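Asker:
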Amino acid sequence: MSGPARLGRGAGGAAPSAVPDVLGPGLDVVFCGINPGFVSAAAAAHFANPRNDFWRLLHAAGFTPRLLRPDEQFESLDYRIGLTNAAPRTTRGSGDLRRGDFAGAAARLERLALEFAPGVIAFVGKEAYRGTFGERSEHGLQERRLGETRLFVLPSTSPANAAVPWDERLRWFCELRKL
Numbered sequence: 029m030s031g032p033a034r035l036g037r038g039a040g041g042a043a044p045s046a047v048p049d050v051l052g053p054g055l056d057v058v059f060c061g062i063n064p065g066f067v068s069a070a071a072a073a074h075f076a077n078p079r080n081d082f083w084r085l086l087h088a089a090g091f092t093p094r095l096l097r098p099d100e101q102f103e104s105l106d107y108r109i110g111l112t113n114a115a116p117r118t119t120r121g122s123g124d125l126r127r128g129d130f131a132g133a134a135a136r137l138e139r140l141a142l143e144f145a146p147g148v149i150a151f152v153g154k155e156a157y158r159g160t161f162g163e164r165s166e167h168g169l170q171e172r173r174l175g176e177t178r179l180f181v182l183p184s185t186s187p188a189n190a191a192v193p194w195d196e197r198l199r200w201f202c203e204l205r206k207l
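Using this note's numbering, the letters of the sequence shown map in sequence onto residues 29 to 207.
1) Does Val-67 come out as helix, strand or coil in the three-state DSSP assignment?
2) With burial defined as no fewer than 16 other Cβ atoms inside 10 Å of the residue's Cβ, what is the status of Pro-187: buried or exposed?
3) Applying the criterion that 16 or more other CB atoms from any shown protein chain within 10 Å of the CB defines a buried residue, is Gly-90 buried or exposed?
4) Strictly by DSSP, which residues pair up with Thr-112?
5) Along the chain, where does the beta strand (DSSP E) containing Val-199 start, and where does it finish?
6) Determine, using beta carbons only, whether Leu-268 and Gly-147 come nearer to each other than 9 Å.
7) Assess contact between the stretch 132-152 and the stretch 92-101, defined as three or more Cβ pairs (one per stretch) separated by less than 8 Å. Is contact present?
8) Measuring straight from C-alpha to C-alpha, what distance separates Asn-113 and Gly-61?
9) Three-state secondary structure (DSSP) at Thr-177?
10) Going by DSSP, what residue range makes up the alpha helix (DSSP H) through Ala-46?
11) By alpha-carbon positions, which one of Thr-185, Ala-72, Thr-177 and Ser-184 ends up nearest to Val-58?
12) Can you give the beta carbon distance from Phe-82 to Thr-185, rounded, assuming they're within the 8 Å contact cut?
13) Pull up the CB-CB distance for Arg-197 and Leu-105, whole angstroms please, since I reckon it's below 8 Å.
14) Check for me: the beta strand (DSSP E) holding Phe-151 runs from which residue to which?
15) I'd like the list of long-range same chain contacts for Trp-200, defined as Cβ closer than 6 Å, with 5 residues on each side in sequence excluded.
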């Protein structure tokens, strides 16, 4: 399967993200990162930092039959997986984001949910969810929905999130996979 890939945009048509959205019809899950880091922006690929565990966790949890590389991100559509970010602005780290960087994020994700109707939008990190909706969350399935799309919060896969061990991250990815 292949589908349209569009550049993520901020509120009001702000400059596009350096990392393109990977979206199309018939998705089971859309993973929503917080924002592009410098390595991802330079590669124009999601989770491109070689120390980021996202692609390894995706494979280990059974979402993909083989380990995909960031430059193969559009192949994720073949596995009914989409990719986007909550904030389009590239920063050194998520701590450099401002509240305004998330302006329009909830409405944009709601449009995405209504247009593509994925089963789940999975936020890769609590801060991606908090930035989008302005409220804290726990890991796991959330009460909030966007249309019929369920929302799930995973631990961040960033190398900056070393406090959460691999086994704990994998457990949450496996919980999501069960949905």
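Just so it is clear, CB atoms sit at the ideal spot from N, CA and C, and this is done for glycine as well. From a predicted model like this one, the values you see are computed outputs, not experimental measurements.
Answerer: So, from the listed chains and residues:
1) helix
2) exposed
3) exposed
4) Cys-60
5) With the sequence shown as reference, residue 199 is identified as Arg, and Val is not the correct amino acid for it. No beta strand (DSSP E) holds Arg-199; the alpha helix (DSSP H) holding it covers 194-206.
6) Missing from the structure shown is residue 268; the chain here goes from 29 to 207 and no further.
7) no
8) 4 Å
9) strand
10) Here Ala-46 belongs to no alpha helix (DSSP H); instead the beta strand (DSSP E) covers 44-48.
11) Thr-177
12) 4 Å
13) The Cβ separation is near 23 Å, so there is no contact.
14) 148-152
15) His-167, Leu-182 and Pro-183
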